[in-house]
Every structure is written in structure tokens, then in C-alpha cells.
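Please read the structure below before turning to the comments.
Protein chains: 2
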Amino acid sequence: MVNVTRRRRPTLDDVAAAVGVSRATVSNAYNRPDQLSAELRARVLEAAKRLGYAGPNPVARSLARSQSGAIAFMLDANLSIAFSDPALSITLDAFATAIAPGEHALVLLPGGVDGGPKVEQVMRAQADLMVSYSLSDKASCLQAVRDRGLPLVVIDEPYLPGAAVVGIDDRGGAEAAARHLVELGHRRIGVLAQDCMYGFPGGRRSRVEAEGSPFRINRERLAGYLDVLAAAGIDVDSVPIWEFTGMDREKAVAGAHTALTEEPGLTALLCMSDELASAATTAARHLGLRIPEDLSLVGFDDTPTARLLEPPLTTVRQDLLAKGRIAGELALRLLSGRKAPKPTKLPTELVVRSSTAPVNAGAKRR
Amino acid sequence: MVNVTRRRRPTLDDVAAAVGVSRATVSNAYNRPDQLSAELRARVLEAAKRLGYAGPNPVARSLARSQSGAIAFMLDANLSIAFSDPALSITLDAFATAIAPGEHALVLLPGGVDGGPKVEQVMRAQADLMVSYSLSDKASCLQAVRDRGLPLVVIDEPYLPGAAVVGIDDRGGAEAAARHLVELGHRRIGVLAQDCMYGFPGGRRSRVEAEGSPFRINRERLAGYLDVLAAAGIDVDSVPIWEFTGMDREKAVAGAHTALTEEPGLTALLCMSDELASAATTAARHLGLRIPEDLSLVGFDDTPTARLLEPPLTTVRQDLLAKGRIAGELALRLLSGRKAPKPTKLPTELVVRSSTAPVNAGAKRR
DNA sequence: TGGACTTACTGAAGCGCTTAAGTCACTGTG
DNA sequence: CACAGTGACTTAAGCGCTTCAGTAAGTCCA
Chain X
0 MVNVTRRRRP
10 TLDDVAAAVG
20 VSRATVSNAY
30 NRPDQLSAEL
40 RARVLEAAKR
50 LGYAGPNPVA
60 RSLARSQSGA
70 IAFMLDANLS
80 IAFSDPALSI
90 TLDAFATAIA
100 PGEHALVLLP
110 GGVDGGPKVE
120 QVMRAQADLM
130 VSYSLSDKAS
140 CLQAVRDRGL
150 PLVVIDEPYL
160 PGAAVVGIDD
170 RGGAEAAARH
180 LVELGHRRIG
190 VLAQDCMYGF
200 PGGRRSRVEA
210 EGSPFRINRE
220 RLAGYLDVLA
230 AAGIDVDSVP
240 IWEFTGMDRE
250 KAVAGAHTAL
260 TEEPGLTALL
270 CMSDELASAA
280 TTAARHLGLR
290 IPEDLSLVGF
300 DDTPTARLLE
310 PPLTTVRQDL
320 LAKGRIAGEL
330 ALRLLSGRKA
340 PKPTKLPTEL
350 VVRSSTAPVN
360 AGAKRR
Chain D
0 MVNVTRRRRP
10 TLDDVAAAVG
20 VSRATVSNAY
30 NRPDQLSAEL
40 RARVLEAAKR
50 LGYAGPNPVA
60 RSLARSQSGA
70 IAFMLDANLS
80 IAFSDPALSI
90 TLDAFATAIA
100 PGEHALVLLP
110 GGVDGGPKVE
120 QVMRAQADLM
130 VSYSLSDKAS
140 CLQAVRDRGL
150 PLVVIDEPYL
160 PGAAVVGIDD
170 RGGAEAAARH
180 LVELGHRRIG
190 VLAQDCMYGF
200 PGGRRSRVEA
210 EGSPFRINRE
220 RLAGYLDVLA
230 AAGIDVDSVP
240 IWEFTGMDRE
250 KAVAGAHTAL
260 TEEPGLTALL
270 CMSDELASAA
280 TTAARHLGLR
290 IPEDLSLVGF
300 DDTPTARLLE
310 PPLTTVRQDL
320 LAKGRIAGEL
330 ALRLLSGRKA
340 PKPTKLPTEL
350 VVRSSTAPVN
360 AGAKRR
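Here it is as C-alpha cells:
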């Protein structure tokens, strides 16, 4: 049996002493094999193995190199909620692939009360760079990032001077969604919005309230919707807007149910995410409303959910893989000391599936 | 405008010099406020602010304290795939909550070719403890963890001496699932299994192959199924088993389609996960098979998916929240220097919903 | 044969912080 | 008044590694 006495782990110095070389040589054996003879290197590695030395301590290495080798992702909510949005997994995966995996570790900072992670968590995070994943303008962690002087990559929001931003054409996408409904003849249209305000429960919102959302994406999408509706001669102040918070499916279904009950005259719903559209689909089914005959639904994002819905969802596609990949490239760029380029805005595209139809197709509205 | 010359960030020493105190005092101002007068502490903090010192460098602090303050999660696959399983988000969230968030950061190590993350990633990870999330017996990262001498918490698999393990009663759950079908009169039953073998595409497997899976959970669930079927007088060698790899929904649907076509006589499917059952549901619909009249389906895990399926899925429930929480508690325990307790095995429970019915209910089988 | 290179390694100065132990001036006490 | 006790700092020894500027011996070429 191996001796498992809890004695301290061997260090570079121990190996150096065992082989009878300097500490620098052992370090080189691991980091710059070309700096010593193959024979000596073999001896060093052999001694390391014999002593149970598992290679340079990552923390010490980080300190000596003045770089921690990690990138931290700041999330808007706890992990369970954050990952209930498939868009996050996809973006994160593309990001992780882009940053040359193995070179950088990925640290997750779950969100707390004001959206982002706690300031304290940011201050203590061992990371060379931070990523803001769809955070509110008000997230206090962003100032902490600034205070630490860390480079920042922003995915979607908020737009911040000095940060490298990648986002999508939210406004254009929203316009396309609304235009599609208008062209199908819809006039009584409702909006399902995500997180307009923090710390409030979901529910009906006035236009002014919704327009004051601390989430840039919400503001953009809403503006896109309302601009088109206004241009079509619809009184935008009469367009009902409901807010949904926290990505909780049960609550979203209940909220959509309430919305549909409150405004039975609606013929279409503009949903700021596919998840919301999914909840609306379920609520509509409960109410005996057929989609699209009785109610047309447009989503946003085109996550895998959209295609799986029954009926498949008309939605605004964004390229999540590209977004994640570009975010990764921006991270690498900032890490190499270069400046943030101008914000990247990826195109969006309306994908028409089966959840939308001309307004009077069914005409069986309560 | 602030001077943004790229000069080096101030350190503890700079603040100490500015205030005219020793470095230790500044350190105490941050870490042990009771060690200095409130007045001096205020002066220190004020000077820090003035100099743009954002608090102790986390890496240096880690080195000095000989602990990195992070916990690394080793995953079986890339992030996109790993998170397409809702069980991971839930478990991870419960884990993160349990380990006193803010005290420990969470590092994600995505899996590579042999399941777990690369050895190199493990060697470089700044973490005080590793978590094996449902890894194969063969994952090379596990030896790396051992080599580094890091404590290890295992969720589900593999069972490893010295590690703190939390899992569920996979076998009992599988038995309950199979018994349920047997009691409903089913005799022609197929098994949809997850990842029996690495590096092979999915497809039909012999019993021996499936029993040789490097995933303990697979072996347990399969054993649970087959034991009960055998006890019911069914020839287990004739029970068809299909393997699905990689959690890819499209492929899973296609695979289930193939399976159902290959063996048209089946009246029920035992699925090793709800995701697999979901794919089977879709495939069955494509084939015009009604659930449960023509085909009964039992899932495993009882993730949110199960309830959302049409029809709602009969499945084996496990308490993912408890599993994550217990894993977190185990992590804290190991971190405090205590030994790993005996493996925790959480109970499972069959939840009967609408995807199962007596075998001859429909009788409209091809 | 001697100067210019190259190869193979060493010395030592950090990287920025924590913390145990020590100092020193005061305070209260019998 | 001597002395233990306390509060408020300081000293200095690490934590374990990287890396730059040497140094010494060996190689090459004119």
C-alpha cells in the first residue's frame, strides 16, 4: 500500500533537489522542453513521477505569469434558471470551443439579486476576462469588473464603452415578426415580454414601463414590434404587454393563460422568446384555442424548442453558434491586449413555420 | 477623463506605502477588520479607492492561502450536449447553492474524447476539489485527479475508492419500471440505452455488449430491467437493446424510428432516460403508433420533460435537487479535511402517468 | 587557432498576498 | 509601583512557480 501520510505535496524544488538540478530546469522540463537535453528531461520527469509530483501548481504558475488562465461567465440568474434557456448552452458551448479549450478554464458566476453575480464574487473570481451574458444595465457586477480593470466581453447586453460587444439585430428581427403578423391581417396583437423590470412579479405592463426595461434587448425588441404596429395604424398604447420573469415555465404558462383570458379578442401574440411562445402554446391549448386558426404566435431566437413545438413555431432566427464563437474570438482578442472593435451586430431572419396564419382563417374566436 | 495609461495595477504594497503603514495592515483591512482601528481602516480603504486598488489579487491570495477557492465540475461531453440534459442544470444549481455561493467559484471542464475532460485540463485547473458528474469508468481525467491528490466527489458514477459518492438506486428504479410493464401484461419489451460503449455509433447491441458498458448507471439500470423480465419468464437474450450516444435529439429520434421499425412486435419500451423516451414519443408519432394504446413507454429521471410530453410520461423519479445538494455537502466535508463517508444512495420511485397501459388495450399493432 | 555562436543549464528576482510571531505603548490592578 | 494584559501594528517568512540575464563548455568556420 502506498504511504498516504498527509505530508505536504512535493514541489518543483523537491524534484530539483532529487535530480540535482536547479529549479529553473525542472520548470523548463514542463514548459520549454527545448531548453534542456532530452536525457535530462526524462530524468526530471522520472523523478517527478517517483516523488508523486503532478506538475506545476496551477495557482503558483498563474501568479508567476500574472494571468489566471480562466474566463468567467457572469449570468443573469441561478444556474437552473439560466440553463433552462437552451440559448445559453449553445452559446456557451460555441464560446468554449472558440477559446481554445484547455488553454482557458471556464468559470461560472451565477446571478443573484440584481441580475448579475454578486460584486464580491466578481472581486474574488480568478479570471483574466469577464463575459457579461445578457445582463441588465443595472447589474452591479459590471462596475466591479471595471474596478478590477478586467477586460469585458458583452454578449447581447448591456452596451458598455470599452467592452467588446456581440449582439444581434434585435430590432430588425422584431420588426420582421410584427410585419409578418400585420401582413397576415392581424390588428389585435399582444406582446409577451421578458423581464422588463427587476424585483417585480410578472404581469401586465404599460408601454412606458416596458420601454423603461433595463434590458437593452427588451427595449429593442419592443421598439421593433411597436414601430411596425404604429406604422400599420395600430394604436400602440392599446397593445397589451405582459411581462414574464425568471424563465419559470409553470409561471409562464399561468401568465400566458391569464393574458389570453384578460384579452380574449387577441388574434396574435408577439413573444420575445421561444420559451415564452412555448408557454403560450400550452396555455392556448388549455383554453381550447387552436394555433394558428384561433391564435397566431411568433417567437424569438429559434432555439431547438421552436421546431419541436406543436405546431412548429414561426420565429426570428438568430445564429447562436456564431454569437458564441464571435464572443470567444473577442475574448481572445482582448486577452492579447488589442482593443475592442466596434460592436458586432449579427443579422436576424424570420422563419415562417406553422404557428401563424391569416387572421380570419379560423374566425372561431370567443 | 481618467488617465488610462497601461501602467501596472496597484498592489497591497502601493496602498500600504500611500497610507504609511505595513502591508500586513492593509491586508488586515480587507480580511480581518478587527485587527486594526476603524479609523485607520477607513483611511486604508480610502487610499485604496484613490489609487484604484480593487482589493487583494485573487490569485496571490490563493497562493498564500494554499487554496484556490474553486471547485471544478468534470463533464462527460461538451457543454452543449451536457446541458441538453436538464438533469445537469438542476443538479449543478443545487450543488452551487449548497457550497455557499461566493465562497467557491464553479469551474466547468467540458468533456472530450474519452468522456471526461482532458488530463491536461485537469492538471491545470485551479480547484481545490473535483466533481465527477456521471463519468465513465474509463475517463482518464479520474487518474489525473488522483495524481494531483485532489479530493473527489462523484455524482452517480463511477464508484471510486476514496471518493465521496452520491448516487441513486438505479437498479431498484429500473426494476420498478420493468415490473410495471410486466404487470400490465407486456412481454415484447425493448430497451433504449444510453452510451453503452464509447467511440461507437449508436445502434443495436447484444446483451453482453450492453452489460459491458463502462457506465455504472447503464449497467445497473440494464440489470434491473433484465432481472425483472427474466423473473417474469421472458428470454432476456431476445430482448432487443439499442444504444444511443451523445444526447443528440435528431439522432435519437432517428434511432428510435429504426428500432421501432426493426422490431414491429414490441408493445413497450424501457428508456434509460426521459430524453430517450421523448425521442421515442416523436418517433412513434411519425410511425402512426399511439401511446399508450399501441406502445407503452417508461422513462427514467423524471426531468421536467416527462410532464411536458404528450402524453405525460410514466417514469422513474429521482431527486435531482437532493443529489446536487448532497454532492455539495460532500464537497464541503472533503474540503474541511474530513473523510468521505460511505456512498449515499438516494431512493427512486416509479411515477405512473399516461404513457403506459395494459398490453392489449389497443390491439391495433402492425 | 581563436573568435563567434550555440547548447545546456543556473541564479536570482520577482508575482502579490497571508499570517504567525513579535514589538511597543498603554491601561488597569493589587 | 511593578506587572500582566490588551490593542494596534510591524516583521518577515513563506506560498510555488516563471523567466530573464547570465555562465561555462562545446562547436564551427576561416
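Line by line, the protein sequences are chains X and D. Residue 231 in numbering that gives the first Met the number 0 is what sits at position 232 of the first sequence, and the numbering runs on without skipping anything. Residue 228 in numbering that gives the first Met the number 0 is what sits at position 229 of the second sequence, and the numbering runs on without skipping anything. For glycine and all other residues, C-beta sits at the position ideal for the given N, C-alpha and C. All of these numbers come straight from a predicted model, not from anything done at the bench.
Reference residue i, options the options, closest by Cα
i, options, result
"A222/D", "A175/D, L74/D, A255/D, A104/D", "A175/D"
"A76/X", "Q125/X, K117/X, G202/X", "K117/X"
"T343/D", "S61/D, D13/D, L78/D, Y158/D", "Y158/D"
"T96/D", "K322/D, T355/D, K341/D, L333/D", "K322/D"
"A53/X", "L35/D, R145/D, L50/D, L333/D", "R145/D"
"S67/D", "L141/X, G264/X, A126/X, I233/X", "A126/X"
"L107/X", "E119/D, G114/D, V112/D, F94/D", "F94/D"
"M298/X", "H285/X, A283/X, P311/X, S272/X", "Rather than Met, the amino acid found at residue 298/X in this sequence is Gly. Comparing Cα positions, the closest option is S272/X."
"L105/X", "L128/D, A69/D, V238/D", "A69/D"
"L288/X", "E242/X, E328/X, L50/X, S354/X", "S354/X"
"R186/D", "I89/D, V235/D, G172/D", "V235/D"
"P160/D", "A356/D, D136/D, V227/D, G171/D", "D136/D"
"A356/D", "L312/D, V227/D, H256/D", "L312/D"
"T90/X", "R206/X, L128/X, L320/X", "L320/X"
"A330/D", "P150/D, L44/D, N27/D, T257/D", "P150/D"
With 16 other Cβ atoms within 10 Å as the buried cut-off, status of residue i
i, result
"N2/X", "Confidence at N2/X is low in this model, with a pLDDT of 36, below 50, so its placement is unreliable and the value that follows should be read with caution. When all chains shown are included, N2/X counts as exposed."
"A15/X", "buried"
"V18/X", "buried"
"R218/D", "buried"
"E38/X", "exposed"
"G148/X", "exposed"
"R220/D", "buried"
"H103/D", "buried"
"M0/D", "The pLDDT assigned to M0/D is 32, lower than 50, so where the model puts this residue is not dependable, and the model offers no usable value."
"V190/X", "buried"
"D12/X", "exposed"
"R7/X", "exposed"
"H285/X", "exposed"
"A63/D", "exposed"
"D293/X", "buried"
"P32/X", "exposed"
Whole-angstrom distance between residue j and residue i, CA atom to CA atom
i, j, result
"D247/X", "I80/X", "7 Å"
"A41/X", "P303/X", "51 Å"
"S212/D", "P200/D", "14 Å"
"L370/X", "L307/D", "Residue 370/X cannot be examined here, being either before or after the span of chain X that is shown, 0 to 365."
"T143/D", "D318/D", "According to the sequence as given, residue 143/D is Ala; it is not Thr. Answer to the nearest angstrom: the Cα atoms are 30 Å apart."
"V252/D", "A279/D", "6 Å"
"R365/X", "R203/X", "Because R365/X carries a pLDDT of 44, less than 50, the predicted location of this residue cannot be relied on, and the following value inherits that uncertainty. Looking at the two C-alpha atoms, the distance is approximately 21 Å."
"K363/X", "L74/D", "Residue confidence for K363/X is low, a pLDDT of 48 falling below 50, so the modelled location carries little weight; the figure read from the coordinates is stated next. Each residue's Cα considered, the two are about 50 Å apart."
"E210/X", "H179/X", "22 Å"
"V181/X", "G245/X", "30 Å"
"D168/D", "D300/D", "11 Å"
"P340/D", "E261/D", "46 Å"
"R5/D", "V58/X", "Here the model assigns R5/D a pLDDT of 48, short of 50, so the residue's position is not dependable, and the following value carries that caveat. Going by the C-alpha atoms only, they are around 25 Å apart."
"A99/D", "Y224/D", "39 Å"
"G51/X", "P9/X", "7 Å"
"D194/X", "L333/D", "39 Å"
Proximity below 8 Å, CB of residue i to CB of residue j
i, j, result
"L183/D", "V350/D", "no"
"T314/X", "S295/X", "no"
"P263/X", "I290/X", "no"
"A230/D", "L259/D", "no"
"A326/X", "V121/X", "no"
"A23/D", "A71/D", "no"
"L134/X", "G115/X", "yes"
"G172/X", "T347/X", "yes"
Inter-residue CB distance, residue i and residue j (contact presumed, cutoff 8 Å)
i, j, result
"A177/X", "L269/X", "6 Å"
"D92/X", "L78/D", "4 Å"
"A162/X", "V152/X", "7 Å"
"L88/X", "F82/D", "Correcting the residue type first, residue 88/X is Ser in the shown sequence and not Leu. Confirmed, Cβ separation roughly 4 Å."
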